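J.: First, the structure itself, so that you have it in front of you.
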Amino acid sequence: MRGVGVVEFGGPEALQIVDLPEVHAGAGEVRLRVHAATVNPTDTFVRGGARAEALRAAGPPPYIPGMDAAGVVDEIGEGAETDLQVGDAAMAMVIPSGAHGAYRESIVLKADAVSRAPAGANHAEASTLPMNALTARLSLDQLALEPGQTIAVTGAAGCYGGYVVQLAKADGLTVIGDASPADEQLVAELGADIVVPRGDDISEQIRKVMPDGVDALADGAVQNELAVGAIRDGGQFASVRGWRGNGERDITFHVTWVFEYDRRADLLDQLRRQVEEGAVTLRVAATYPAEQASETHRRLKLGGTRGRFVITFD
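Residues in the sequence shown are numbered consecutively from 0, following numbering that gives the first Met the number 0.
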């Protein structure tokens, strides 16, 4: 079985096709024949060795990145509690460990980690949903805002930020998103009620339209102290990179680690329904065959991508 991974940590060129042993679904598990794996910035931490100690503790190389997989269920283990059947199109979030990452032709997961793919979506499109949308859902669940309250989103044109915008609108919130001039229309189309210029003066830009400050901010652009000034006293901040603030102005800081929503097929299925209803959109920047996986990491490094690159296994 083929996978895409690293034997030695390095730059994009370190990614290579590797041979992996065949895997089979055990009790309570599902095997997914992976046709598409999304490329996310966190994947570069596996490739580059930022998580080398944890990876080595999980076993010898190759180490396989990837947190998003979509394909077809081809094996269901005994006692697996799922409504999926062999042959169903499905998707899952994967927590990488050693060779257990999404960049592989076949992967075994606990049944409660695998959800039906959105009707009408191809494998590449379906693979872009799980990790980023679950991260956005977790941020909003942590903030627990009431309909009518205001949320600002930095990095609103990105995958996490875009999903926060759409899910926040579905939750009945008023959304302010940032954007470069080239992304203003995109962020508005995603559903932002107000679009402000992105940049280091983001707090000032948001305060121009919300003088009293927003109730909460989801910091997809990782602007940290540059963005916290946009929040009213006693408001809330959701960080995707672990920033916990300085305790200023009674603001509550939430750290959003998507690992908390591992094996939450119920939430993934809810997101699937929102895609089918048109509340959430799937964005693929480009697809690459497994043999060209290193190119996805090269292009990711350049920045400015809207949507996700996807590695395909045919």
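Here a beta-carbon is modelled for each residue, glycine too, at the ideal position from N, C-alpha and C. Since this is a predicted model, take the numbers as computed values, not measurements.
How close, in whole Å, do the beta carbons of V22 and L14 come, if the pair is a contact with beta carbons under 8 Å?
T.: Looking up residue 22 in the sequence shown gives position 23. Looking up residue 14 in the sequence shown gives position 15. That pair is no contact at about 21 Å.
J.: Since T311 is in the beta strand (DSSP E), which residue starts that stretch and which ends it?
T.: One-based indexing of the sequence shown puts residue 311 at position 312. Its beta strand (DSSP E) spans residues 307–311.
J.: Please determine, among G2, A101, D87, the residue with the shortest C-alpha to C-alpha distance to A314.
T.: A question about residue 314 goes unanswered here, because the residues of the chain that appear run from 0 up to 313.
J.: Taking its Cβ as the centre, do 16 or more other Cβ atoms sit within 10 Å of V85, making it buried, or is it exposed?
T.: Residue 85 sits at position 86 when you count from the first residue of the sequence shown. It counts as exposed.
J.: From V223 to N39, what does the alpha carbon distance come to, in whole angstroms?
T.: Sequence index remark: in the sequence shown, residue 223 carries index 224 (1-based). Sequence index remark: in the sequence shown, residue 39 carries index 40 (1-based). According to the sequence shown, residue 223 is Asn rather than Val. Roughly 21 Å separates the two Cα atoms.
J.: Please identify the residue among P129, L225, G246 whose C-alpha is closest to the C-alpha of G233.
T.: By 1-based counting over the sequence shown, the position of residue 233 is 234. The residue with the shortest Cα to Cα distance from G233 is G246.
J.: Given a cut-off of 8 Å, decide if L108 and V72 are closer than it, judged by their beta-carbon atoms.
T.: Within the sequence shown, residue 72 is the residue found at index 73, counting from 1. Within the sequence shown, residue 108 is the residue found at index 109, counting from 1. In this structure, L108 does not lie closer than 8 Å to V72 by Cβ.
J.: Measure the alpha-carbon distance for R307 versus G212 and round it to whole angstroms.
T.: Here residue 307 corresponds to residue number 308 of the sequence shown, with the count starting at 1. Here residue 212 corresponds to residue number 213 of the sequence shown, with the count starting at 1. Roughly 32 Å between the two C-alpha positions.
J.: Who does V103 pair with in a DSSP beta bridge?
T.: To locate residue 103, count along the sequence shown from 1; it is residue 104. The sequence shown places Arg at residue 103, not Val. Beta-bridge pairing links R103 to G2.
J.: Considering only C-alpha positions, which residue in the set A56, A79, V257 is nearest to A24?
T.: Against the sequence shown, residue 24 aligns to sequence position 25. If we check each option's Cα against that of A24, A79 comes out closest.
J.: Of the residues F8, D218, I310, which one's Cα is nearest the Cα of L139?
T.: What you label residue 139 is simply residue 140 of the sequence shown in a count that begins at 1. The candidate whose alpha carbon is nearest that of L139 is D218.
J.: Could you check where the alpha helix (DSSP H) with E23 kicks off and where it finishes?
T.: By 1-based counting over the sequence shown, the position of residue 23 is 24. Reading the sequence as shown, one finds His at residue 23 and not Glu. No alpha helix (DSSP H) holds H23; DSSP gives it neither H nor E.
J.: Mind checking whether G147 and Q165 have CB atoms under 8 Å apart?
T.: Taking the first residue of the sequence shown as position 1, residue 147 is located at position 148. Taking the first residue of the sequence shown as position 1, residue 165 is located at position 166. Their beta carbons are not under 8 Å apart, which means G147 does not touch Q165 by this criterion.
J.: Between R103 and I63, what straight-line distance do the alpha-carbon atoms span, to the nearest angstrom?
T.: Position 104 of the sequence shown, counting from 1, holds the residue named residue 103. Position 64 of the sequence shown, counting from 1, holds the residue named residue 63. The straight-line gap from Cα to Cα measures roughly 8 Å.
J.: Taking only the alpha-carbon atoms, compute the straight-line gap between P20 and A143 and give it to the nearest angstrom.
T.: Here residue 20 corresponds to residue number 21 of the sequence shown, with the count starting at 1. Here residue 143 corresponds to residue number 144 of the sequence shown, with the count starting at 1. Going by the C-alpha atoms only, they are around 44 Å apart.
J.: Report the rounded CA-to-CA distance for T251 versus A167, giving the unit in angstroms.
T.: Here residue 251 corresponds to residue number 252 of the sequence shown, with the count starting at 1. Here residue 167 corresponds to residue number 168 of the sequence shown, with the count starting at 1. Their backbone Cα atoms lie some 19 Å apart in a straight line.
J.: Enumerate in chain order the residues of its own chain whose CB-to-CB distance from H253 is below 8 Å, with the five nearest sequence positions on each side excluded.
T.: As a working note, residue 253 is residue 254 in the sequence shown. Result list for H253: S138, Q141, L142, Q235, F236, A237, S238, in chain order.
J.: Taking H179 as the reference, give the member of L225, A169, V195, P59 with the closest Cα.
T.: Against the sequence shown, residue 179 aligns to sequence position 180. Sequence check: residue 179 is Ser here, not His. Measuring from the Cα of S179, the nearest candidate turns out to be V195.
J.: Measuring only the C-alpha atoms, how far is R240 from T134?
T.: Within the sequence shown, residue 240 is the residue found at index 241, counting from 1. Within the sequence shown, residue 134 is the residue found at index 135, counting from 1. If I take the Cα positions, the gap works out to 12 Å.
J.: Just verifying my parser: in three-state terms, what is the DSSP assignment at R46?
T.: For the purposes of this step, residue 46 is taken as residue 47 along the sequence shown, with counting starting at 1. Residue state, collapsed to three classes: helix.
J.: Measuring CB atoms only, is the region 150–159 touching the region 258–274, in the sense that at least three cross pairs come out at less than 8 Å?
T.: Segments in contact, no.
J.: Once DSSP output is grouped into helix, strand and coil, what is the label at R231?
T.: The count along the sequence shown starts at 1 and reaches residue 231 at position 232. Residue state, collapsed to three classes: strand.
J.: If distances are taken between C-alpha atoms only, which option among A181, Q204, Q291 comes closest to I175?
T.: Here residue 175 corresponds to residue number 176 of the sequence shown, with the count starting at 1. Closest by alpha carbon: Q204.
J.: Any chance you could list the alpha helix (DSSP H) runs of at least 4 consecutive residues sitting entirely within the region 164–225, in chain order?
T.: Correct list: 183–189, 201–208.
J.: How would you label F312, buried or exposed, when you count the other beta carbons within 10 angstroms and need 16 or more for buried?
T.: Sequence index remark: in the sequence shown, residue 312 carries index 313 (1-based). So F312 counts as buried.
J.: Specify the secondary structure class of V274 as computed by DSSP and reduced to three states.
T.: The residue labelled residue 274 in the question sits at position 275 within the sequence shown. If DSSP states are grouped into helix, strand and coil, V274 belongs with the helices.
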